[in-house]
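Trainee: Numbering (this note's numbering), first residue to last: 41 to 225.
Beta carbons are placed, not taken as given, at the ideal position from N, Cα and C, and that holds for glycine.
It should be emphasised that the depicted structure is a prediction, and the values quoted were computed from it without experimental measurement.
Input: one structure, supplied below.
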């Protein structure tokens with residue numbers, strides 16, 4: 041019985057999302073400033089604990105994994121902690137272009153960030169970007185913990201709560217392109 045109720049709730053959620061989608065994406069979007077779009081994106085990013093970090097492997101296939109990110113800084117730079125032996129580290133070494141994806145199901149909102157990742161093994165930065173919950177995962181912070189810094193190149197955001205929605209014609213989300221100084225050379 042519990043399983044049937046869960047299936048009904050999922051079906052109802054999917055139906056409501058389908059019904060709501062035209063009204064969400066079919067709205068005539070208001071023109072928003074870069075600052076307003078960043079505020080809308082930051083709200084989603086700071087209230088959503090996990091995001092997906094998407095890298096590409098040697099064959100060009102996308103690999104996504106759930107990450108416990110730090111909140112973006114004032115330049116929308118996002119930091120992660122990881123195991124230096126993980127697959128994502130070798131993929132970033134080969135190709136530092138990554139995508140971050142944050143999704144807020146409750147508010148029908150998301151942020152997608154295309155960025156350039158950099159691996160950071162500096163002890164001061166590692167101390168600054170540390171969560172005590174991670175002690176079990178990284179018993180030796182010096183050796184078993186590595187940082188990933190992602191600088192944004194392009195950001196796309198939909199946040200129905202704040203009226204930031206895609207275009208009626210093709211649902212293209214509002215976006216922000218970041219200046220060159222925010223990119224690595």
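Look up residue 156 in the DSSP assignment and give the residues it is bridged to.
Mentor: 137, 191
Trainee: According to DSSP, what are the bridge partners of residue 131?
Mentor: None; residue 131 has no bridge partner.
Trainee: Buried or exposed: which applies to residue 208, given that a residue is buried once 16 or more other Cβ atoms fall within 10 Å of its Cβ?
Mentor: exposed
Trainee: When the distance is taken between beta carbons, is residue 206 closer than 8 angstroms to residue 198?
Mentor: A Cβ-Cβ contact shorter than 8 angstroms links residue 198 with residue 206.
Trainee: Going by the CB atoms, is the gap between residue 77 and residue 190 shorter than 8 angstroms?
Mentor: no
Trainee: Can you tell me where the beta strand (DSSP E) holding residue 97 begins and where it ends?
Mentor: From DSSP, residue 97 is part of no beta strand (DSSP E); its letter is neither H nor E.
Trainee: Taking all protein chains shown into account, do 16 or more other C-beta atoms lie within 10 angstroms of the C-beta of residue 196, making it buried, or fewer, making it exposed?
Mentor: buried
Trainee: Indicate the three-state DSSP secondary structure (helix, strand or coil) for residue 170 in the structure shown.
Mentor: Here residue 170 carries a coil assignment [DSSP, helix/strand/coil].
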